[in-house]
Each structure stands twice: as C-alpha cells, then as structure tokens.
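Below is one structure, written out as structure tokens; the observations come after it.
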Amino acid sequence: MKTKLEVCCGSVQDCLVAQKVKADRIELNSGLELGGLTPSLGMFMKARAMVDLPIMVMIRPHNGSYDYSDLDFEVMKKDAEILLDAGSDGIVFGCLTPEGKIDENRVMKLVDLAKGKETVFHKAIDELENINEGLEALIRCGVTRVLIGGGRGSIDDHIDYLGQVQEKYGDMIQLLPGGGVHKGNLLNLLDKTHVNQVHMTGKRLEINPKTKTVHMVTDENILKEVLNLIR
Numbered sequence: 003m004k005t006k007l008e009v010c011c012g013s014v015q016d017c018l019v020a021q022k023v024k025a026d027r028i029e030l031n032s033g034l035e036l037g038g039l040t041p042s043l044g045m046f047m048k049a050r051a052m053v054d055l056p057i058m059v060m061i062r063p064h065n066g067s068y069d070y071s072d073l074d075f076e077v078m079k080k081d082a083e084i085l086l087d088a089g090s091d092g093i094v095f096g097c098l099t100p101e102g103k104i105d106e107n108r109v110m111k112l113v114d115l116a117k118g119k120e121t122v123f124h125k126a127i128d129e130l131e132n133i134n135e136g137l138e139a140l141i142r143c144g145v146t147r148v149l150i151g152g153g154r155g156s157i158d159d160h161i162d163y164l165g166q167v168q169e170k171y172g173d174m175i176q177l178l179p180g181g182g183v184h185k186g187n188l189l190n191l192l193d194k195t196h197v198n199q200v201h202m203t204g205k206r207l208e209i210n211p212k213t214k215t216v217h218m219v220t221d222e223n224i225l226k227e228v229l230n231l232i233r
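Residue numbers (the numbering used here): 3 to 233.
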C-alpha cells in the first residue's frame, strides 16, 4: 500500500519543490518559525496557479494559545471562507477551550464552512490530557483527518501509542503522524502504526550572508530520500 507524503510548505518555492519530487499533498503556511500561520491570499493563489498537488491551508491567526478570542475566531472563519473560495482543497486548524479540551462548537462551525472539503485538526491535539477523548470529539464533529504526534515531546516516544490509536480510530478519522518525522524514524513509525500517510517539513536552514537572518526552506534531497523509503 502506498504511503502518502504531505509536505509542510512555507512559500510558493517550497510548493514547487514538493511538486518536483512528486509529493502527494501540501500543507501551506506562513511563519513556519512560529509553528505555521495562515498564508496570505496572494501566496495561496500563486501556489494554486503553479502546482497541481492538493493544497491544504493553515488557518491559524497567531502563535501561542489555541484558546482563541471571539475576534480571533471571526478572523479564522473569514480566512477559511476566502481561501476555500479561492480553490484550496481544505483547511487545517485547531481550537481548544479554556479548559484545554476540543472546542466542538467551533470545530463544527469550521467543518460546516468547508462544505464537504477536507478538514484537518492540527497538532493542538497533542496538548490534550486525554487524546483519545479529543479524537472522539473530532469524530463527532466530522473532521476528516488529524495531524498528530501522540502527545507532548518527541514523536519517537509515542509511536506505540499511535499504533493503538490507528487500530482504534483509524476507520473513523484519518491519522496523519507529524512533528519530528524524518528518514531515521519513518520506517519504524510505519511498521508499528500501519498508517498510510505522514506529514513532514523536510526543511533546511538558510542564512542570508548579508543580514545573517535565518529562514527555513524545503530541501529537495531530504524529500527524495524519504520518498525513496516509502515508494
């Protein structure tokens, strides 16, 4: 069975690299150094015009807490509406209550707004004290997929748990392991979890020689090495 690779992209150039290596799907963000924020409409439209891969867009107005204010959530809904109307294949988001549980009311509003397009709850799931309870909430809300590392810390510490989650919930919601996936742990992850898709950045750091600023870019060779393992 083919394992799909979703590449976390932070620019149109990253998207072009993902397409060149024949990845399966793109998650488009801005501000990857902040964990990924909502991309601009201009970035999305340029990416949409230049690549044929499915593009999921991050809907995250700022870094920090996933307990959003009412105003933040209005911004999220408007961004989602605009980017879905512009041709995105789905939206990626995460909303928690002040008590640290899945905000089912807001999640259902975003699922409804997607009008049948794919919806993904991101790694905010890993902040929960009871992830199984959170997954059951997402299933009730009709979420397509969940980007998950299995809890706080390294994904390597949670591989056995992810296998249990896949066995219990895999027929009801797609599991997309991510956050620390790389060529060194990928085969072990796939062997123990039996998932059919993974999420990774495949990034390297580039330093501007003039300004000494650092930013992340998608590394074609890293992605090729991973794809050679799974295809």
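Quick reminder that beta carbons are idealized off the backbone N, C-alpha and C, glycines included.
Can you tell me which of the three DSSP states residue i falls into?
i              : result
methionine 110 : helix
histidine 184  : coil
lysine 6       : strand
cysteine 97    : coil
methionine 174 : coil
valine 197     : coil
valine 228     : helix
histidine 160  : helix
isoleucine 61  : coil
glycine 153    : coil
glycine 92     : strand
leucine 39     : strand
Tell me, to the nearest whole angstrom, how far the beta carbon of residue i is from that of residue j; I am working on the premise that it is less than 8 Å.
i             : j              : result
methionine 47 : valine 94      : With a Cβ gap of about 18 Å, methionine 47 and valine 94 do not count as contacting.
leucine 140   : isoleucine 104 : 6 Å
leucine 177   : valine 197     : 5 Å
glutamate 29  : methionine 60  : 6 Å
leucine 98    : alanine 116    : Contact doesn't hold; Cβ gap of about 19 Å is too wide.
aspartate 128 : arginine 154   : 6 Å
histidine 124 : glycine 102    : The pair is not a contact, with the Cβ atoms about 15 Å apart (cut-off 8 Å).
glycine 92    : lysine 111     : That belief does not hold up - the Cβ atoms of glycine 92 and lysine 111 are roughly 15 Å apart, past 8 Å.
glycine 152   : glycine 182    : Wrong, their Cβ atoms sit about 10 Å apart, outside the cutoff.
Would you mind sorting residue i into buried or exposed? The rule is 16 or more other CB atoms within 10 Å of its CB.
i             : result
glycine 2     : The first residue shown for the chain is 3 and the last is 233, placing residue 2 beyond what the model contains.
glycine 38    : buried
histidine 201 : buried
arginine 206  : exposed
leucine 137   : buried
arginine 62   : buried
serine 42     : exposed
aspartate 283 : In this structure the chain extends from 3 to 233, so residue 283 is not present and cannot be described.
alanine 88    : exposed
proline 211   : exposed
threonine 220 : buried
aspartate 159 : exposed
Tell me where the alpha helix (DSSP H) around residue i begins and ends.
i           : result
valine 14   : 14-22
valine 145  : From DSSP, valine 145 is part of no alpha helix (DSSP H); its letter is neither H nor E.
valine 77   : 72-87
arginine 50 : 43-52
What are the boundary residues of the beta strand (DSSP E) that includes residue i?
i              : result
glutamate 120  : 120-123
isoleucine 209 : 205-209
glutamate 29   : 27-30
threonine 220  : 216-220
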